[in-house]
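Take a look at the structure set out below.
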Amino acid sequence: MIDKAQWIIEISEVLNGPRNRTTEKTFHKLIYETQQNVDSEIVDIIMTSFLNPFESSVMQACITTLSGVDFERYYKSYFKIFPQLLRKDPNNALCLLNYPGFELKHRHIKKIGKMIKDIDPSGSLKSEVDYQISYWNLKNDEPWSSLYHFA
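Taking this note's numbering, the leading residue of the sequence shown gets 1486, the next gets one more, and so forth.
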């Protein structure tokens, strides 16, 4: 296993390079090397990778790794990219909004709703989230239903 500094160098090269089978394999390998020491900087890098993703089976490695990150760290990193991801890939943005491998409770929904308001006090981000929830027909599915009805 490589150290964190080397991991960051290698993952940056992969993320900034061409998308091909070789880089997909390297990306996949690097993501799985993070599982024992995922700190905020690494979570930020993994989240950012969703803005220019590899094909979905490769990105599943990111979701698997992120499922081991605590709630606060996950959402702190996620909300750094959320508005941009929602514009670029609404389906993926909503999927990642539902913390992988974790059943969100009402208190978590409240925190997420507050984070959305903190990012955009005008309410336009919340309106876009509501629109996407409605568009993808998720108004009756949790946790999106609770987010949709969150004031």
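Just so it is clear, CB atoms sit at the ideal spot from N, CA and C, and this is done for glycine as well.
These numbers come from a predicted model, not from an experiment.
With the cut-off set at 7 Å, would you say residue i and residue j are in Cβ contact?
i, j, result
"Val1554", "Val1523", "yes"
"Leu1570", "Phe1539", "no"
"Leu1579", "Pro1628", "no"
"Glu1509", "Val1543", "yes"
"Thr1550", "Ile1597", "no"
"Ile1618", "Lys1624", "yes"
"Ser1609", "Arg1558", "no"
"Asp1605", "Tyr1633", "no"
Check for me: the alpha helix (DSSP H) holding residue i runs from which residue to which?
i, result
"Ser1552", "That residue, Ser1552, is in no alpha helix (DSSP H); it is neither H nor E in DSSP."
"Asp1603", "1591-1604"
"Arg1504", "Neither: Arg1504 is in no alpha helix (DSSP H) and is coded neither H nor E."
"Tyr1584", "Segment: none, Tyr1584 is in no alpha helix (DSSP H) and carries neither H nor E."
"Glu1613", "1609-1620"
"Ser1525", "1525-1533"
"Leu1632", "1629-1633"
For residue i, I'd like the list of residues in its chain whose CB is within less than 7 Å of its CB, leaving aside the five on either flank, ordered along the chain.
i, result
"Tyr1563", "Met1532, Leu1581"
"Glu1613", "Leu1571"
"Phe1635", "Ile1594, Gly1598"
"Ala1546", "His1513, Ile1516, Tyr1517"
Spatial neighbours of residue i within its chain, please: CB distance less than 6 Å, with the 5 preceding and 5 following residues excluded, ordered by chain position.
i, result
"Ser1631", "Ile1594"
"Gly1502", "Thr1508"
Go through its chain and collect everything with a Cβ distance to residue i's Cβ below 8 Å, but skip five positions before and after it.
i, result
"Pro1585", "Ile1548, Thr1549, Leu1551, Ser1552"
"Ile1566", "Met1532, Thr1533, Phe1535, Leu1536"
"Tyr1577", "The identity of residue 1577 in the sequence shown is Asn, whereas the question assumes Tyr. Same-chain partners within the cutoff: Phe1535, Pro1538, Leu1570."
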